[in-house]
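Report on the structure given below.
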Amino acid sequence: MFFKQRASADGTLSYFYGCGGKGFAVAVDVVAGDEDWFLEEAQKAAVAISFVIDTHIHADHLSGGRALAKLTGAPYCMHESDRDQVQFPIRGLKDGEVLETGNVLTQVLYTPGHTMDGVCLLVSDIRRSTAPWFALTGDTIFVSGVGRPDLGGTPEEMAGRLYESLHQKLLTLPDDLEIFPGHAAGSVCGAGLSGKPSSTIGYEKRWDPYLSMDRETFIRELTTNIPEKPAEMARIVALNLGEAA
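Reading the sequence shown from the start, the letters are residues 20 to 264 in the working numbering.
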């Protein structure tokens with residue numbers, strides 16, 4: 020299995036991983052303008068990009084996912100609820116489904132809260148174990164933070180959904196499971212994010228202050244400390260939905 024993390028200047032983190040032995044790969048949360056990097060990495064690894072995934076409709080940057088999917092012929096994947104939102108065809112991802120790319124398996128976890136369409140991805144290499152090796156957590160959980168709750172509904176409702184996604188889906192995973200988030204320090208998609216680009220479930224349980232709060236406190240604290248909205252958010256979302264040229 021190969022795995023690469025790509026960092027942008029604004030703290031956005033993208034991912035490229037797959038099965039080198041059988042020639043399959045997955046691209047996750049591609050930033051517009053980075054498409055050539057993914058094509059070059061695929062060529063270096065002698066793999067075909069089988070799936071292009073966005074973990075949610077991004078509000079802080081333009082997605083390059085749809086463009087990369089067109090260039091490679093791979094399906095552009097988002098949560099199935101986005102079929103009613105976007106103006107272009109997608110492969111709708113279902114909670115619990117598994118995408119196969121050779122020896123590498125990617126299980127979809129539906130984790131609404133930051134947005135209504137948020138997903139996390141549990142990745143396994145079956146040559147190593149059928150148990151997940153790591154999780155790509157999008158904007159659901161970061162290192163030392165969690166996703167902001169005001170981009171996809173009323174903050175209080177979304178914060179409640181985020182609490183449930185965290186406690187019912189992610190915090191039930193093994194403590195030693197590595198997590199790789201969608202952003203690090205410099206991003207406006209969460210408050211107090213660390214510059215460290217990865218962590219583990221157990222470490223975040225111990226040190227992320229939001230994860231030890233009860234539901235009422237979590238909602239209150241998360242909705243009290245909301246960062247400013249991303250610059251040009253409306254235009255970015257419209258473009259990522261395919262509503263504007």
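The beta carbon of each residue, even a glycine, is placed where N, CA and C say it ideally should be.
Small disclaimer: the values here were computed from a predicted structure and weren't measured.
Going by DSSP, what residues sit across from residue i in a beta bridge?
i	result
G37	F21, A44
E1	Residue 1 lies beyond the stretch modelled for the chain, which goes from 20 to 264, so this question has no answer here.
T31	H202
A26	L32
S231	The partner list for S231 (beta bridge, DSSP) is empty, contrary to what the question assumes.
S82	V50
Helix, strand or coil: which one does DSSP assign to residue i?
i	result
M97	strand
S217	coil
S69	strand
H75	coil
I198	strand
V50	strand
I255	helix
K267	Missing from the structure shown is residue 267; the chain here goes from 20 to 264 and no further.
L87	helix
T243	helix
L260	helix
G179	helix
D169	coil
Q187	helix
P193	coil
Drop a sphere of 10 angstroms on the beta-carbon of residue i, count the other beta-carbons inside from all chains shown, and report buried for 16 or more, exposed for fewer.
i	result
V117	exposed
N259	buried
G40	exposed
R225	exposed
R167	buried
A178	buried
P200	buried
K215	exposed
G92	exposed
T149	exposed
E54	buried
K113	exposed
T236	exposed
H186	exposed
P193	exposed
Within the present structure, is the beta-carbon of residue i separated from the nearest heavy atom of the ligand ZN by less than 6 angstroms?
i	result
G121	By its list of ligands, the structure shown contains no ligand whatsoever, and the ligand ZN lies outside what it can speak to.
Please go through the segment 107 to 166 and give each complete beta strand (DSSP E) segment of 3 or more residues, from N-terminal end onward.
110 to 112, 117 to 120, 123 to 129, 138 to 144, 153 to 157
Would you check if there are 3 or more beta carbon pairs closer than 8 angstroms linking the segment 69 to 80 to the segment 97 to 117?
yes
Pairs of beta-carbons, one from the segment 85 to 101 and one from the segment 154 to 162, closer than 8 angstroms: are there three or more?
no
I want to know whether the segment 171 to 179 touches the segment 129 to 139 - three or more CB-CB distances under 8 angstroms.
yes
Answer yes if the segment 57 to 70 comes into contact with the segment 23 to 39, meaning at least three C-beta pairs across the two stretches below 8 angstroms, and no otherwise.
yes
Are at least three pairs of beta-carbons, each pair with one atom in the segment 225 to 241 and one in the segment 48 to 56, less than 8 angstroms apart?
no
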